[in-house]
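**Student:** Keeping their order, the protein sequence lines are chains Y and F.
Following this note's numbering, the numbering of the first sequence begins with 144 at its first residue and continues without gaps.
Following this note's numbering, the numbering of the second sequence begins with 144 at its first residue and continues without gaps.
In this text, a Cβ means the ideal position worked out from N, Cα and C, and glycines have one as well.
One structure follows; several queries about it will come next.
2 protein chains.
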Amino acid sequence: MSEVRIIDLKANVLEDNEVLAAKTRERLKNENTFLLNLMSAPGSGKTTTLTRLIETLKDEMKIAVMEADIDSDVDTKRILEAGAASVQLHTGGMCHLDADMTCQGLDSLPSKDYDLVVLENVGNLVCPAEFDTGSSKNAMILSVPEGDDKPLKYPLMFQVADAVIINKIDVMPYFDFDLEKAKKNIEMRHPGIPVFPICAKTGEGVKELADWLRSEIKNA
Amino acid sequence: MSEVRIIDLKANVLEDNEVLAAKTRERLKNENTFLLNLMSAPGSGKTTTLTRLIETLKDEMKIAVMEADIDSDVDTKRILEAGAASVQLHTGGMCHLDADMTCQGLDSLPSKDYDLVVLENVGNLVCPAEFDTGSSKNAMILSVPEGDDKPLKYPLMFQVADAVIINKIDVMPYFDFDLEKAKKNIEMRHPGIPVFPICAKTGEGVKELADWLRSEIKNA
Numbered sequence: 144m145s146e147v148r149i150i151d152l153k154a155n156v157l158e159d160n161e162v163l164a165a166k167t168r169e170r171l172k173n174e175n176t177f178l179l180n181l182m183s184a185p186g187s188g189k190t191t192t193l194t195r196l197i198e199t200l201k202d203e204m205k206i207a208v209m210e211a212d213i214d215s216d217v218d219t220k221r222i223l224e225a226g227a228a229s230v231q232l233h234t235g236g237m238c239h240l241d242a243d244m245t246c247q248g249l250d251s252l253p254s255k256d257y258d259l260v261v262l263e264n265v266g267n268l269v270c271p272a273e274f275d276t277g278s279s280k281n282a283m284i285l286s287v288p289e290g291d292d293k294p295l296k297y298p299l300m301f302q303v304a305d306a307v308i309i310n311k312i313d314v315m316p317y318f319d320f321d322l323e324k325a326k327k328n329i330e331m332r333h334p335g336i337p338v339f340p341i342c343a344k345t346g347e348g349v350k351e352l353a354d355w356l357r358s359e360i361k362n363a
Numbered sequence: 144m145s146e147v148r149i150i151d152l153k154a155n156v157l158e159d160n161e162v163l164a165a166k167t168r169e170r171l172k173n174e175n176t177f178l179l180n181l182m183s184a185p186g187s188g189k190t191t192t193l194t195r196l197i198e199t200l201k202d203e204m205k206i207a208v209m210e211a212d213i214d215s216d217v218d219t220k221r222i223l224e225a226g227a228a229s230v231q232l233h234t235g236g237m238c239h240l241d242a243d244m245t246c247q248g249l250d251s252l253p254s255k256d257y258d259l260v261v262l263e264n265v266g267n268l269v270c271p272a273e274f275d276t277g278s279s280k281n282a283m284i285l286s287v288p289e290g291d292d293k294p295l296k297y298p299l300m301f302q303v304a305d306a307v308i309i310n311k312i313d314v315m316p317y318f319d320f321d322l323e324k325a326k327k328n329i330e331m332r333h334p335g336i337p338v339f340p341i342c343a344k345t346g347e348g349v350k351e352l353a354d355w356l357r358s359e360i361k362n363a
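Given below as structure tokens:
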């Protein structure tokens with residue numbers, strides 16, 4: 144058993160929701176609303192990162208967050224406390240959001256009342272990457288404890304992201320996480336993509352991330 | 144055309160899967176092979192935990208691991224080094240394994256040559272919980288950096304698991320992770336389920352986990 148044997152299993156055909164996603168992007172443009180789709184594995188720090196971004200940007204723009212969760216409303220409460228509007232989208236067991244679910248969320252806010260809407264997607268590095276939500280831009284979080292090899296294992300997520308946030312850099316000394324190796328693996332999957340090492344807990348690096356987001360909103 | 148017809152595709156797919164899963168469990172019983180389905184979020188330490196279990200159990204039983212990965216073969220190499228047989232199942236973008244894919248893996252080993260086969264499922268806390276693989280038992284890993292609130296957010300995973308492994312307990316001082324709160328949240332989702340706090344990196348707590356697995360294999 145010294146050889147690595149590989150069996151390729153058949154992939155299911157995924158539903159195409161590109162038409163609705165394109166329409167949603169058009170709608171958002173007309174409304175002057177920027178939609179950021181934030182994705183990551185469970186527990187990578189999406190909500191804590193968002194509360195930091197809200198603190199930094201809330202005096203410049205009107206912000207709302209759509210919290211996609213299978214169950215519970217713990218994240219929504221934290222976002223409201225941080226000073227942004229928030230709506231909870233219960234996915235009923237779904238592993239991702241598609242363009243239709245995103246539209247329902249945008250309608251309920253409604254999105255035209257906001258400059259920035261963030262979709263906090265379901266914690267999952269696989270399925271959310273396969274469905275275009277209609278967002279203006281996608282960002283993803285890779286947290287230090289997950290390991291620097293994640294771009295090798297979840298290629299599509301790193302390919303569809305427009306920015307990678309590396310969170311929990313404060314605990315780097317306690318994990319076998321090589322920041323340069325992580326950056327190299329990310330660059331291999333998505334050449335030229337901006338990478339933001341941050342610590343959402345302390346706020347380190349959040350300014351650079353907020354600068355990127357502000358500039359993307361301006362140029363949308 | 145006055146009637147609304149609803150075709151529940153997901154229900155049909157799940158029903159077909161259940162039939163094959165039940166058949167697979169029967170087959171494994173006849174072969175005297177125990178199949179453990181190991182699930183977790185990305186980067187929770189599935190492979191490191193498995194290498195520890197293999198070290199502990201390899202002199203008592205013949206072990207093989209089926210590595211489900213969207214891409215790459217980094218985990219398969221580590222399992223081979225630990226001293227177990229290993230086969231890589233490339234899921235072609237799929238977010239979970241179902242009973243059919245699992246059967247393909249069992250055939251390729253073949254499973255009858257082993258006492259214990261472990262299916263290292265795709266790193267995902269959502270979809271793998273929905274598909275019965277035909278395994279004898281399910282175990283899941285929750286790692287400390289993910290947070291003690293995960294049972295609130297991913298209920299089904301904790302419901303279908305037969306044991307919960309809490310990994311990376313060595314870094315507990317650096318995270319807001321309350322072990323008692325985590326245990327209470329797990330117990331709420333799945334009363335009476337055994338919980339094993341471990342550090343796969345150092346081997347702490349692995350003996351108790353191996354004892355549980357040995358006893359499950361014996362009583363299968």
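Are the segment 167-186 of chain Y and the segment 252-266 of chain Y touching by the rule of at least three beta carbon pairs closer than 8 Å?
**Tutor:** The count of Cβ pairs closer than 8 Å, one atom from the segment 167-186 of chain Y and one from the segment 252-266 of chain Y, reaches three, so the stretches are in contact.
**Student:** Taking buried to mean at least 16 other C-beta atoms within 10 Å of its own C-beta, is residue 400 of chain F buried or exposed?
**Tutor:** Here chain F comprises residues numbered 144 to 363, so residue 400 of chain F is not present and cannot be evaluated.
**Student:** Say the cut is 7 Å; is the CB of residue 291 of chain F nearer than that to a heavy atom of the ligand ZN?
**Tutor:** Ligands are entirely absent from the displayed structure, and the ligand ZN is therefore not among its contents.
**Student:** Could you please give me the residues that DSSP links to residue 228 of chain Y through a beta bridge?
**Tutor:** Y/207
**Student:** Pick out the complete beta strand (DSSP E) segments inside the segment 237-279 of chain Y, 3 residues or longer, and give them in chain order.
**Tutor:** 259-263
**Student:** Could you tell me whether any Cβ in chain B is nearer than 8 Å to the Cβ of residue 257 of chain Y?
**Tutor:** Although the question refers to chain B, the structure presented lacks it and instead comprises the protein chains Y and F.
**Student:** Please check if any C-beta of chain F sits within less than 8 Å of the C-beta of residue 338 of chain Y.
**Tutor:** no
**Student:** DSSP state of residue 341 of chain F, grouped into three classes?
**Tutor:** coil
**Student:** Assuming residue 301 of chain F is part of the alpha helix (DSSP H), what are its boundary residues?
**Tutor:** 298-303
**Student:** Tell me, please, whether the CB atom of residue 184 of chain F is closer than 8 Å to any CB atom in chain Y?
**Tutor:** At a cut-off of 8 Å between beta-carbon atoms, residue 184 of chain F makes contact with chain Y.
**Student:** CB-CB under 6 Å to residue 360 of chain F, same chain, minus the five flanking residues each way: which ones, in chain order?
**Tutor:** 177
**Student:** Whose C-beta lies closer than 7 Å to the C-beta of residue 195 of chain Y among residues of the same chain, with five residues either side of it excluded?
**Tutor:** 343, 346, 349
**Student:** Taking only three categories from DSSP, how would you classify residue 362 of chain Y?
**Tutor:** coil
**Student:** Candidates Y/203, Y/192, Y/229, Y/200: which alpha carbon is nearest residue 210 of chain Y's?
**Tutor:** Relative to the Cα of residue 210 of chain Y, the nearest Cα in the group Y/203, Y/192, Y/229, Y/200 belongs to Y/229.
**Student:** How many whole angstroms separate the CB atoms of residue 307 of chain F and residue 331 of chain F, which I take to be in contact at a CB cut-off of 8 Å?
**Tutor:** With 8 Å as the limit, residue 307 of chain F and residue 331 of chain F do not qualify as a contact, their Cβ atoms being about 12 Å apart.
**Student:** Using beta-carbon positions only, say whether residue 328 of chain F and residue 295 of chain F come within less than 8 Å of one another.
**Tutor:** Taking 8 Å as the Cβ cut-off, residue 328 of chain F and residue 295 of chain F qualify as a contacting pair.
**Student:** Which residues of chain F have a Cβ atom closer than 7 Å to the Cβ of residue 270 of chain Y, listed in chain order?
**Tutor:** 238, 270
**Student:** State the start and end residues of the unbroken beta strand (DSSP E) segment that holds residue 310 of chain F.
**Tutor:** Here the beta strand (DSSP E) through residue 310 of chain F covers 306-310.
**Student:** Tell me the DSSP secondary structure of residue 212 of chain F in three-state form.
**Tutor:** DSSP places residue 212 of chain F in strand when its eight states are reduced to three.
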